[in-house]
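Chemist: Below: one structure in C-alpha coordinates.
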Amino acid sequence: SPSQEAPTIEDFESYAKSVQLAASKAMAALCYGASQGEEENRKFHWISNVFSSGHSGIQQVAQEALVNILRSNRDRKNLLFERVLEMCYASDHKISSFSF
(Lines of atoms letter the chains of each structure in order from A; the text may use other names.)
(Lines give C-alpha, C1' and ligand atoms only; values in the text may rest on other atoms or scores of the structure.)
Protein backbone atom coordinates (compact mmCIF):
# COMPACT_ATOMS: atom_id res chain seq x y z
CA SER A 9 0.00 0.00 0.00
CA PRO A 10 1.31 3.46 -0.84
CA SER A 11 2.38 5.56 2.11
CA GLN A 12 0.34 8.67 2.79
CA GLU A 13 1.79 11.91 4.00
CA ALA A 14 0.45 13.44 7.16
CA PRO A 15 -1.95 16.33 6.61
CA THR A 16 -0.36 19.75 6.75
CA ILE A 17 -1.57 22.90 8.46
CA GLU A 18 -2.59 24.16 5.02
CA ASP A 19 -4.76 21.06 4.58
CA PHE A 20 -6.52 21.75 7.87
CA GLU A 21 -6.98 25.43 7.02
CA SER A 22 -8.47 24.50 3.65
CA TYR A 23 -10.81 22.01 5.32
CA ALA A 24 -11.84 24.59 7.93
CA LYS A 25 -12.67 27.13 5.20
CA SER A 26 -14.74 24.52 3.37
CA VAL A 27 -16.66 23.69 6.54
CA GLN A 28 -17.20 27.39 7.28
CA LEU A 29 -18.55 27.98 3.77
CA ALA A 30 -20.87 24.96 4.00
CA ALA A 31 -22.17 26.10 7.40
CA SER A 32 -22.73 29.62 6.07
CA LYS A 33 -24.66 28.28 3.09
CA ALA A 34 -26.85 26.28 5.48
CA MET A 35 -27.47 29.43 7.54
CA ALA A 36 -28.39 31.36 4.39
CA ALA A 37 -30.90 28.67 3.48
CA LEU A 38 -32.40 28.89 6.98
CA CYS A 39 -32.94 32.60 6.42
CA TYR A 40 -35.61 31.76 3.86
CA GLY A 41 -38.95 31.75 5.61
CA ALA A 42 -41.10 33.98 7.72
CA SER A 43 -39.42 35.38 10.80
CA GLN A 44 -40.03 38.15 13.27
CA GLY A 45 -38.83 39.33 16.63
CA GLU A 46 -35.81 37.71 18.22
CA GLU A 47 -35.33 35.17 15.42
CA GLU A 48 -35.18 37.95 12.86
CA ASN A 49 -32.80 39.96 15.05
CA ARG A 50 -30.45 36.97 15.31
CA LYS A 51 -30.49 36.53 11.53
CA PHE A 52 -29.64 40.18 10.91
CA HIS A 53 -26.95 40.05 13.60
CA TRP A 54 -25.37 37.01 11.92
CA ILE A 55 -25.52 38.70 8.51
CA SER A 56 -23.88 41.86 9.90
CA ASN A 57 -21.11 39.80 11.49
CA VAL A 58 -20.45 37.97 8.25
CA PHE A 59 -20.33 41.21 6.26
CA SER A 60 -17.86 42.55 8.84
CA SER A 61 -15.62 39.50 8.52
CA GLY A 62 -13.90 40.67 5.36
CA HIS A 63 -14.07 37.20 3.74
CA SER A 64 -15.57 37.83 0.31
CA GLY A 65 -16.72 34.24 -0.31
CA ILE A 66 -18.61 34.12 2.96
CA GLN A 67 -19.89 37.68 2.45
CA GLN A 68 -21.57 36.58 -0.77
CA VAL A 69 -23.39 33.90 1.20
CA ALA A 70 -24.55 36.57 3.67
CA GLN A 71 -25.84 38.59 0.75
CA GLU A 72 -27.83 35.53 -0.36
CA ALA A 73 -29.19 35.21 3.20
CA LEU A 74 -30.31 38.82 3.14
CA VAL A 75 -32.07 38.30 -0.18
CA ASN A 76 -33.73 35.17 1.24
CA ILE A 77 -35.12 37.17 4.16
CA LEU A 78 -36.47 39.84 1.83
CA ARG A 79 -38.02 37.36 -0.61
CA SER A 80 -39.74 35.29 2.03
CA ASN A 81 -41.12 38.21 4.05
CA ARG A 82 -42.68 40.35 1.34
CA ASP A 83 -45.62 41.16 3.59
CA ARG A 84 -43.19 43.11 5.80
CA LYS A 85 -41.05 44.56 3.02
CA ASN A 86 -41.22 48.16 4.26
CA LEU A 87 -39.89 47.29 7.73
CA LEU A 88 -37.21 45.01 6.35
CA PHE A 89 -36.20 47.57 3.75
CA GLU A 90 -35.42 50.01 6.56
CA ARG A 91 -33.16 47.45 8.25
CA VAL A 92 -31.36 46.69 5.00
CA LEU A 93 -30.98 50.39 4.27
CA GLU A 94 -29.40 50.86 7.70
CA MET A 95 -26.90 48.13 6.82
CA CYS A 96 -26.03 49.94 3.60
CA TYR A 97 -25.14 53.05 5.60
CA ALA A 98 -23.46 51.26 8.50
CA SER A 99 -20.44 52.89 10.08
CA ASP A 100 -18.50 49.70 9.39
CA HIS A 101 -17.46 50.14 5.76
CA LYS A 102 -17.15 46.35 5.32
CA ILE A 103 -20.90 46.02 5.92
CA SER A 104 -22.00 49.03 3.91
CA SER A 105 -19.78 48.35 0.93
CA PHE A 106 -20.87 44.75 0.55
CA SER A 107 -24.55 44.81 1.44
CA PHE A 108 -25.74 45.65 -2.06
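For the sequence shown, this note's numbering gives the first residue as 9, with consecutive numbering after it.
Every residue, glycine too, gets a C-beta built ideally from N, C-alpha and C.
This structure is a prediction, so every number in the text was calculated from the model and none was measured.
In terms of residues, what are the limits of the alpha helix (DSSP H) holding GLU21?
Modeler: Residue 21 sits at position 13 when you count from the first residue of the sequence shown. Looking at the DSSP string, the run of the alpha helix (DSSP H) that includes GLU21 is 17 to 38.
Chemist: Within this structure, are the beta carbons of ILE66 and SER26 separated by less than 7 Å?
Modeler: Here residue 66 refers to the residue found at position 58 of the sequence shown. Here residue 26 refers to the residue found at position 18 of the sequence shown. Their beta carbons are not under 7 Å apart, which means ILE66 does not touch SER26 by this criterion.
Chemist: Can you give me the start and stop residues for the alpha helix (DSSP H) that GLY65 sits inside?
Modeler: The count along the sequence shown starts at 1 and reaches residue 65 at position 57. Start and end: 64 to 80.
Chemist: Assuming ALA36 contacts GLU72 under a Cβ cut-off of 8 Å, what Cβ separation, rounded to an integer in Å, is found between them?
Modeler: Start at 1 with the first residue of the sequence shown, and residue 36 comes out as number 28. Start at 1 with the first residue of the sequence shown, and residue 72 comes out as number 64. Their Cβ separation, rounded to whole angstroms, is 5 Å, which keeps ALA36 and GLU72 in contact under 8 Å.
Chemist: Below 7 Å between beta carbons: does that hold for SER80 and TYR40?
Modeler: For this step, residue 80 is matched to residue 72 along the sequence shown. For this step, residue 40 is matched to residue 32 along the sequence shown. Contact: yes.
Chemist: Measuring straight from C-alpha to C-alpha, what distance separates VAL69 and LEU78?
Modeler: Residue 69 sits at position 61 when you count from the first residue of the sequence shown. Residue 78 sits at position 70 when you count from the first residue of the sequence shown. Cα to Cα, the separation comes out at about 14 Å.
Chemist: Which residues bound the alpha helix (DSSP H) around GLY45?
Modeler: Within the sequence shown, residue 45 is the residue found at index 37, counting from 1. Its alpha helix (DSSP H) spans residues 45 to 61.
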